[in-house]
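Just so you know, the protein sequences line up as chains A and B, in that order.
Residues in the first sequence are numbered from 1 upward in steps of one, following our numbering.
Residues in the second sequence are numbered from 1 upward in steps of one, following our numbering.
Heads up, the beta-carbon is just placed ideally off N, CA and C, and yes, glycines get one too.
It should be emphasised that the depicted structure is a prediction, and the values quoted were computed from it without experimental measurement.
Protein chains: 2
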Amino acid sequence: MNRLNPPPRLLMGPGPINCYPRVLSAMSTQLIGQYDPVMTGYMNEVMSLYQQVFKTNNQATLLIDGTSRAGIEAVLVSCIEPGDKVLVPIFGRFGHLLQEIAERAGAEVHTIEVPWGEVFQPEQVEDAIKKIRPKVLAMVQGDTSTTMLQPLEHLGEICRRYDVLFYSDATASIGGNPFETDQWQLDAVSVGLQKCLGGPSGSAPITLSERYVELVRKRHHVEAGIRSEHHENGEASRIRSNYFDIPMILDYWGEERLNHHTEATSMLYCARECAINLLEEGIENCIVRHKLHGDAMAKGAQGLNLKLFGDQSNKMTNVVGVYIPENVDGEKIRSQLLEDFNIEIGTSFGPLHGKIWRLGTMGYNARKDAVLHTLQSLETVLRRAGHSMSAGAAVDNALGVYSGA
Amino acid sequence: MNRLNPPPRLLMGPGPINCYPRVLSAMSTQLIGQYDPVMTGYMNEVMSLYQQVFKTNNQATLLIDGTSRAGIEAVLVSCIEPGDKVLVPIFGRFGHLLQEIAERAGAEVHTIEVPWGEVFQPEQVEDAIKKIRPKVLAMVQGDTSTTMLQPLEHLGEICRRYDVLFYSDATASIGGNPFETDQWQLDAVSVGLQKCLGGPSGSAPITLSERYVELVRKRHHVEAGIRSEHHENGEASRIRSNYFDIPMILDYWGEERLNHHTEATSMLYCARECAINLLEEGIENCIVRHKLHGDAMAKGAQGLNLKLFGDQSNKMTNVVGVYIPENVDGEKIRSQLLEDFNIEIGTSFGPLHGKIWRLGTMGYNARKDAVLHTLQSLETVLRRAGHSMSAGAAVDNALGVYSGA
């Protein structure tokens with residue numbers, strides 16, 4: 001079996017992207033025991049660091065040991081009892097995922113949809129809430145499948161008025177786009193490391209409001225068949241998953257330190273380093289950087305004679321969709337970029353499959369050299385495929401953005 | 001925030017233990033894209049490597065992205081339909097965990113128990129199967145809470161005769177104790193990396209027989225509400241979890257490469273390295289090594305005037321339980337070992353809490369120097385706590401084992 005020796009790819013798609021070197025180094029740190037005071041100290045640090053990342057005072061801020069999808073499932077399966085109504089406004093592929101996960105948890109899911117490339121107005125969400133009266137509103141912030149960023153700032157107030165729990169999956173947007181857990185009155189947020197936080201997939205930070213925690217505590221159940229005094233109403237309300245049972249996970253992260261899973265220490269080291277890296281740069285600075293390089297990539301793409309996809313006033317900073325020109329084979333261009341230039345860009349899903357490419361500028365790769373190399377290489381392969389454009393315009397456009405022209 | 005700089009602990013408890021340095025290095029390798037041909041090549045290598053680790057020809061051999069408990073839940077929730085009967089023979093804490101997870105998946109769980117420190121005879125299991133007629137037999141191989149190793153070799157044949165699916169959680173035993181998936185006729189096995197494989201918690205290799213796969217394929221369901229042609233029987237049989245939906249995970253690891261989660265690449269690198277490391281040493285050699293150092297630790301502990309816990313003819317090679325002497329404070333001894341010597345040993349759970357310590361010798365730490373340092377240090381703290389023993393006998397006993405005396 002060969003030694004692990006992957007090619008030095010530059011990952012300029014919708015994520016995962018290249019990790020920050022310091023994050024990779026953190027993962028190669030030797031382990032300590034699960035209940036070592038140094039380890040529980042690190043767990044407490046992680047809680048505090050992600051309170052800052054999420055901009056929240058929520059005590060219940062911790063990691064789910066799995067990919068970002070594990071975070072989504074933990075949040076939903078812990079709060080949804082079979083038959084509960086959940087409203088999912090869908091504006092891309094990851095809205096469908098929220099629907100799917102909520103359905104599996106036993107929810108009666110109601111959806112509203114806008115065409116891919118658009119986002120919802122607060123009134124549309126409020127109308128649906130009035131009609132459906134859901135227990136939970138579950139909504140993606142940044143859906144990489146369409147590159148759209150759903151404004152969330154007016155929805156928390158609406159949810160409070162109708163006594164709805166407000167959950168958002170901000171995996172693709174956190175760190176590169178504004179996010180305000182407390183100010184926007186969110187009850188639950190889940191993310192992953194593999195986008196703007198510049199880590200690998202495999203750990204899902206979440207934060208939960210007191211309202212959310214109070215609700216799921218009523219479903220508390222201690223392992224090995226012992227019923228808690230909080231709940232004697234039988235099977236109906238028992239959380240369907242042990243792994244994703246948030247009350248139990250809270251007991252593990254809390255002062256009780258009740259054994260649940262064995263914490264994935266290397267991924268915890270990694271999540272810790274991702275947060276420190278972000279906070280040392282400063283969240284606002286990091287958003288500005290994502291905006292700058294995202295703008296440079298978008299302007300550069302226009303210089304390649306590529307048309308931008310979707311509502312540009314509601315776009316994520318960290319990924320841009322461009323229509324694949326009709327005269328070229330989209331997958332062949334992607335392969336050539338990978339094979340000749342070691343650069344990866346993304347295709348898309350569902351209705352956009354084969355129609356758009358997605359160009360990411362996030363985390364470690366929200367960098368000038370990464371943007372310029374990508375544009376130059378894309379120009380080369382497009383030119384050789386017969387696509388016409390003005391030579392050098394892509395890079396010139398990007399450099400114009402950087403010089404503030 | 002401080003730089004990540006944990007103390008150099010020697011982890012001689014029941015796991016997690018120190019990682020092999022090469023495994024830590026693998027995790028700091030830069031990422032590549034999720035569908036990069038090099039990445040799918042690594043995924044295929046991982047399947048083939050773990051076929052060797054599990055000693056199976058099962059095509060369905062892959063990783064669940066989570067801790068070992070995630071592997072257990074994926075196996076159980078995918079095959080259990082609400083109301084299915086599951087038999088769990090319990091001989092320690094992790095049997096209770098299987099019960100708990102199966103119950104949450106909706107199973108009607110039946111248990112049989114032996115006192116902690118013992119294992120089951122095949123007849124006991126067969127009698128229960130005859131009486132209960134379960135769909136699934138779920139059983140731990142090595143339960144670290146008691147240090148017992150349940151013989152599994154006669155149970156597969158019994159399961160076949162009564163048409164029962166045979167699942168074992170071999171997290172704590174794999175790599176350090178014999179395990180034969182195909183020869184013992186297992187239908188599903190799940191493990192973790194953090195014991196004899198010498199990695200961190202966070203990835204759960206599993207292997208599934210064709211019989212298991214055929215069964216769960218009937219519950220196949222493609223994301224976003226699209227029903228498969230294989231299954232039109234309505235909600236009852238839909239798998240309750242998206243994250244742990246094995247048919248979907250098989251489509252991701254198989255040639256279809258249908259998007260499910262974003263593979264946790266760093267943990268996959270890690271799982272790959274753990275397997276290569278084991279196979280380069282040779283599974284049989286690795287088991288012999290675990291037996292050697294486990295014996296040295298046990299004999300050494302007897303030299304400390306400590307009584308061994310449980311049925312020594314059915315003990316795991318990689319962990320030994322010793323009664324805490326009545327005249328010492330068990331937790332104080334553990335704290336002193338940690339603080340003065342940077343050595344961690346384990347306490348236990350449930351009925352054994354405060355009664356036994358658990359001394360592990362596994363993976364990277366199944367080494368002569370690790371055993372000798374642990375015994376010497378334990379001798380020092382026990383001596384200073386007033387426990388009487390013959391000076392130097394522990395190390396002499398261990399050295400006797402190493403010299404074949």
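Legend entry - Distance between A:E118 and B:T451 (C-alpha atoms, nearest Å): For residue 451 of chain B there is no data in the structure shown, the boundaries of chain B being 1 and 405.
Inset, instruction - Could you pull the start and end residues of the beta strand (DSSP E) that A:L208 belongs to? - result: Counting from 1 along the first sequence, the entry for residue 208 of chain A is found at position 208. Element bounds for A:L208: 204-208.
Legend entry - Environment of A:Q312 [buried if 16+ CB atoms lie within 10 Å]: Within the first sequence, the letter at position 312 stands for residue 312 of chain A. A:Q312 should be labelled exposed.
Inset, instruction - Compare the Cα-Cα distances from B:S190 to each of B:D182, B:T171, B:W184 and report the closest residue. - result: Numbered from 1 along the second sequence, position 190 holds the residue referred to as residue 190 of chain B. Considering only alpha carbons, the answer is B:T171.
Legend entry - Short Cβ contact (8 Å threshold) for A:R93 with B:R238: Numbered from 1 along the first sequence, position 93 holds the residue referred to as residue 93 of chain A. Numbered from 1 along the second sequence, position 238 holds the residue referred to as residue 238 of chain B. No, Cβ-Cβ distance for A:R93 and B:R238 is not below 8 Å.
Inset, instruction - Mind listing the chain A neighbours of B:E281? Cutoff is C-beta to C-beta under 7 Å, in chain order. - result: Sequence index remark: in the second sequence, residue 281 of chain B carries index 281 (1-based). None at all; the shortest Cβ gap to chain A is about 13 Å.
Legend entry - Unbroken stretches of the beta strand (DSSP E), 3 residues or longer, contained in the stretch 123-180 of chain B: 136-140, 165-169
Legend entry - Contacting positions in the stretch 252-266 of chain B - beta carbon closer than 9 Å to chain A: N259, H260, H261, T262, E263, A264, T265, S266
Inset, instruction - Take B:Y162 and list the residues in its own chain whose beta-carbon comes closer than 6 Å to its own, dropping the five residues that flank it on each side. - result: Translated into the one-based positions of the second sequence, residue 162 of chain B becomes position 162. Result list for B:Y162: I129, in chain order.
Inset, instruction - Check the DSSP bridge columns for A:H89 and list the partner residues they point to. - result: Mapped onto the first sequence, residue 89 of chain A falls at position 89. In the sequence as presented, His is not what sits at residue 89 of chain A; that position holds Pro. According to DSSP, A:P89 bridges with A:I112.
Inset, instruction - Give the interface partners of A:V38 over in chain B, defined as CB-CB distance under 7 Å, in chain order. - result: Sequence index remark: in the first sequence, residue 38 of chain A carries index 38 (1-based). Simply P6, P7.
Inset, instruction - To the nearest angstrom, report how far apart A:I276 and B:G392 are at their CA atoms. - result: Residue mapping note: residue 276 of chain A aligns to position 276 of the first sequence, counting from 1. Residue mapping note: residue 392 of chain B aligns to position 392 of the second sequence, counting from 1. A:I276 and B:G392: Cα-Cα distance of roughly 48 Å.
Legend entry - Local conformation of B:V371 per DSSP, three classes: Looking up residue 371 of chain B in the second sequence gives position 371. It is helical.
Inset, instruction - Below 7 Å CB to CB, which residues in the same chain sit around A:Y323 once its five sequence neighbours on both sides are set aside? - result: Here residue 323 of chain A corresponds to residue number 323 of the first sequence, with the count starting at 1. Correct list, in chain order: L306, K307, F309, K355, I356.
Inset, instruction - State the DSSP-derived secondary structure class of B:W184, mapped to helix, strand or coil. - result: The residue labelled residue 184 of chain B in the question sits at position 184 within the second sequence. Of the three classes helix, strand and coil, the one that applies to B:W184 here is coil, per DSSP.
Inset, instruction - Please classify B:K315: does DSSP put it in a helix, a strand, or coil? - result: Reading the second sequence from its first residue, position 315 is the one you call residue 315 of chain B. Residue state, collapsed to three classes: strand.
Legend entry - Among A:F349, A:E326, A:P205, A:N327, nearest to A:V72 - alpha-carbon criterion: Within the first sequence, numbered from 1, the residue matching residue 72 of chain A stands at position 72. According to the sequence shown, residue 72 of chain A is Ile rather than Val. Measuring from the Cα of A:I72, the nearest candidate turns out to be A:P205.
Inset, instruction - Under 7 Å between beta-carbons, which chain B residues line up against A:A204? List them in chain order, please. - result: As a first step, residue 204 of chain A is located in the first sequence; it is residue number 204 there, counting from the start. Going along chain B, no residue has its Cβ under 7 Å from A:A204, so there is no contact; the nearest lies around 10 Å.
Legend entry - Per-residue burial, A:F326 [other beta carbons within 10 Å of its own, 16 or more giving buried]: Numbered from its first residue, the first sequence carries residue 326 of chain A at position 326. Note that residue 326 of chain A is Glu in the sequence shown, not Phe. Exposed, by the Cβ-count rule.
Legend entry - Any chain B beta carbon closer than 8 Å to A:M411: In the structure as shown, chain A begins at 1 and stops at 405. Residue 411 of chain A is therefore absent and cannot be evaluated.
Inset, instruction - For B:N365, decide whether its Cβ has a neighbour in chain A, counting only Cβ atoms nearer than 8 Å. - result: Along the second sequence, one-based indexing puts residue 365 of chain B at 365. No, no contact with chain A.
Legend entry - Nearest candidate by alpha-carbon position, reference A:D369, set A:L337, A:M12, A:Q185: Along the first sequence, read from residue 1 onward, the residue named residue 369 of chain A stands at position 369. Answer by Cα proximity: A:M12.
Inset, instruction - Could you name each continuous beta strand (DSSP E) segment of 3 residues or more that falls completely within the stretch 286-372 of chain A, going from the start of the chain to the end? - result: 319-323, 356-360
Inset, instruction - Inspect the beta-carbon positions of B:V53 and B:I246 and report whether they are closer than 8 Å. - result: On the second sequence, position 53 is the one that residue 53 of chain B refers to. On the second sequence, position 246 is the one that residue 246 of chain B refers to. Not in contact: B:V53 and B:I246 (Cβ atoms no closer than 8 Å).
Inset, instruction - Could you tell me which residues DSSP pairs with A:E118 in its beta bridges? - result: Position 118 of the first sequence, counting from 1, holds the residue named residue 118 of chain A. Paired residue(s): A:W116.
Inset, instruction - Can you give me the start and stop residues for the alpha helix (DSSP H) that A:L278 sits inside? - result: Within the first sequence, numbered from 1, the residue matching residue 278 of chain A stands at position 278. Its alpha helix (DSSP H) spans residues 265-281.
Inset, instruction - Please decide whether B:T29 counts as near chain A, where near means a Cβ-Cβ distance under 8 Å. - result: Position 29 of the second sequence holds residue 29 of chain B. So, interface residue.
Inset, instruction - Specify the secondary structure class of A:A60 as computed by DSSP and reduced to three states. - result: As a first step, residue 60 of chain A must be located in the first sequence, where it is residue number 60. A:A60: strand per DSSP, three-state reduction.
Inset, instruction - Using the Cα positions of A:N5 and B:C19, report the straight-line distance between them to the nearest angstrom. - result: Looking up residue 5 of chain A in the first sequence gives position 5. Looking up residue 19 of chain B in the second sequence gives position 19. Straight-line Cα distance between these residues: approximately 20 Å.
Inset, instruction - Please determine, among A:V23, A:D340, A:V109, the residue with the shortest C-alpha to C-alpha distance to A:Q194. - result: Locating residue 194 of chain A in the first sequence gives position 194, counting from the first residue. If we check each option's Cα against that of A:Q194, A:V23 comes out closest.
Inset, instruction - List the residues that DSSP assigns as beta-bridge partners of B:L485. - result: Residue 485 of chain B cannot be examined here, being either before or after the span of chain B that is shown, 1 to 405.
Inset, instruction - Check distances from the C-beta atoms of the stretch 126-144 of chain A to those of chain B and list, in chain order, the residues that come in under 9 Å. - result: none
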